[in-house]
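**Q**
Protein chains: 2
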Amino acid sequence: MKILPRRLTVGTFAAAAGVNVETIRFYQRKGLLPNPGRSYGTIRRYGESDVARVKFVKSAQRLGFSLEEIADLLALEDGTHCNEARELATQKLDNVRGKIDDLRRIESVLSQLVSRCRGARGGVTCPIIAALHAH
Amino acid sequence: MKILPRRLTVGTFAAAAGVNVETIRFYQRKGLLPNPGRSYGTIRRYGESDVARVKFVKSAQRLGFSLEEIADLLALEDGTHCNEARELATQKLDNVRGKIDDLRRIESVLSQLVSRCRGARGGVTCPIIAALHAH
DNA sequence: CTTGGAACCGTACTTAGGTACGGAGTCAAC
DNA sequence: GTTGACTCCGTACCTAAGTACGGTTCCAAG
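As structure tokens, this is what we get:
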């Protein structure tokens with residue numbers, strides 16, 4: 001494992017990771033990124049591992065993890081805590097499946113309303129409005 | 001159409017509609033509820049039609065409409081604007097279907113990760129962490 | 001050695017949908 | 001005629017995930 005150089009300043013780093021500089025500062029405040037030391041002067045330097053870490057955060061966000069949950073995942077980052085990571089992922093999976101079920105119910109109600117509405121050409125009362133009124 | 005009495009004060013009204021008093025005030029500020037007149041004194045009185053209106057809002061929220069969209073629906077409340085209501089509902093339906101597709105993709109990735117993790121009993125690197133690192 | 005673009009820092013603002021607070025006014029019962 | 005619950009009102013606060021701002025300091029190039 002070779003030690004990677006830390007030669008990026010925050011602006012270049014943020015660009016490399018595909019996020020805003022302010023987002024980097026925000027992640028540091030939230031503990032998602034370690035405060036990198038400032039070897040030479042008061043300017044912080046970042047390396048490739050930091051870029052990877054931010055990309056990890058963004059990937060996990062795309063899978064529906066919150067920053068808080070991602071912080072938990074990052075605490076397992078050495079890769080030896082498979083059980084914990086699987087536990088988190090399983091919970092998230094249940095969560096996602098629950099959301100899918102909810103949305104499917106909504107989809108079913110909405111599509112019925114729309115088709116009933118399409119069929120009710122002459123009526124005085126719109127079926128959609130009426131249905132919402134009936135709870 | 002008989003005229004319903006407006007004899008509920010805000011506390012009773014909120015309870016009848018199943019929401020918080022503060023929520024009623026909030027909806028009034030947002031224009032979702034009309035400011036009821038204060039016939040006798042400075043205390044506002046509400047009637048059954050107000051209760052129905054709040055229930056309408058809550059039903060529409062459960063179907064994924066935002067308060068802003070619900071305000072649009074309420075503007076069509078007389079039931080004669082079927083086309084407009086159908087348009088809104090159709091947009092919402094597309095929206096819901098898009099969300100379902102996104103979540104299904106997430107579900108598929110997560111379930112693959114979990115099962116790979118379950119199979120990787122002896123490995124040093126957790127497949128979930130590794131996968132997130134590979135974008 | 002100056003200049004100007006970064007970096008640093010704390011703080012405030014954003015959206016959505018409310019909830020909470022605190023002081024003043026009101027109303028009905030006792 | 002006073003108590004105590006309820007209402008009214010503006011304002012602040014909450015979560016989540018950032019974005020924006022404004023002042024100061026730094027650092028490297030010219």
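Residue numbers (this note's numbering), protein chains in the order written: chain A, 1 to 135; chain B, 1 to 135. The beta carbon of each residue, even a glycine, is placed where N, CA and C say it ideally should be.
#1: Below 7 Å on C-beta distance, what does Phe56 (chain A) contact in chain B?
#2: My understanding is that Leu8 (chain A) touches Gly47 (chain A), with C-beta atoms under 8 Å, so please give their C-beta distance in whole angstroms.
#3: Taking 7 Å as the CB-CB limit, is Ala15 (chain A) close to chain B?
#4: I'd like to know if Glu69 (chain A) contacts chain B, where contact means its C-beta is closer than 7 Å to some C-beta of that chain.
#5: Kindly list, in the order they appear in chain A, the residues whose Cβ is closer than 9 Å to that of Val19 (chain B).
#6: What are the residues of the region 82-109 of chain A that lie near chain B, defined by any Cβ-Cβ distance shorter than 7 Å?
#7: For Ile128 (chain A), count neighbouring Cβ atoms within 10 angstroms of its own Cβ and tell me buried if that reaches 16, exposed if not.
#8: Given that a residue counts as buried once 16 or more other Cβ atoms are within 10 Å of its Cβ, and exposed if not, what is Lys15 (chain A)?
#9: Quick check on this structure: which residue in A:Thr12, A:Phe13 and A:Cys126 has the alpha carbon closest to the alpha carbon of Glu77 (chain B)?
#10: Roughly how many angstroms lie between the CA atoms of Ile3 (chain B) and Phe26 (chain A), to the nearest whole one?
#11: Is DSSP giving Arg7 (chain A) helix, strand or coil here?
#12: Helix, strand or coil: which one does DSSP assign to Gly98 (chain A)?
#13: Start and end of the alpha helix (DSSP H) containing Asp72 (chain A)?
#14: Any idea which residues DSSP pairs Tyr27 (chain B) with across the strands?
#15: I'd like the list of long-range same chain contacts for Leu32 (chain B), defined as Cβ closer than 7 Å, with 5 residues on each side in sequence excluded.
#16: In whole angstroms, what separates the C-alpha of Gln112 (chain B) from that of Val10 (chain B)?
#17: Leu63 (chain B) touches chain A at which residues, Cβ-Cβ below 7 Å?
#18: Quick check: does the Cβ of Gly11 (chain B) come within less than 6 Å of any heavy atom belonging to the ligand ZN?
#19: Count the other CB atoms within 10 Å of the CB of Val96 (chain B); is the residue buried (16 or more) or exposed (fewer)?
**A** In short:
#1: Leu132 and His133
#2: At roughly 7 Å, the Cβ-Cβ gap stays under 8 Å, so Leu8 (chain A) and Gly47 (chain A) are in contact.
#3: no
#4: no
#5: The premise fails here: Val19 (chain B) is roughly 14 Å from chain A at the closest Cβ pair, so nothing lies under 9 Å.
#6: Cys82, Ala85, Arg86, Ala89, Thr90, Lys92, Leu93, Val96, Arg97, Lys99, Ile100, Leu103, Arg104, Ile106, Glu107 and Val109
#7: buried
#8: The sequence shown places Ala at residue 15 (chain A), rather than the Lys named in the question. Exposed is the call here.
#9: A:Cys126
#10: Reliability of the predicted coordinates at Ile3 (chain B) is poor, the pLDDT of 46 falling under 50, and the value obtained from them is presented with this limitation in mind. Their Cα atoms are separated by approximately 56 Å.
#11: strand
#12: helix
#13: From DSSP, the alpha helix (DSSP H) with Asp72 (chain A) extends over Leu67 to Leu74.
#14: For Tyr27 (chain B), which the question treats as bridged, DSSP gives no partner whatsoever.
#15: Sequence-distant Cβ neighbours of Leu32 (chain B) in its own chain, meaning closer than 7 Å and more than five residues away, are Val57, Leu67, Ile70, Ala71 and Leu74.
#16: 52 Å
#17: Here the neighbours are Ile106, Val109 and Leu110.
#18: With respect to the ligand ZN, the structure offers nothing, as it holds no ligand at all.
#19: buried
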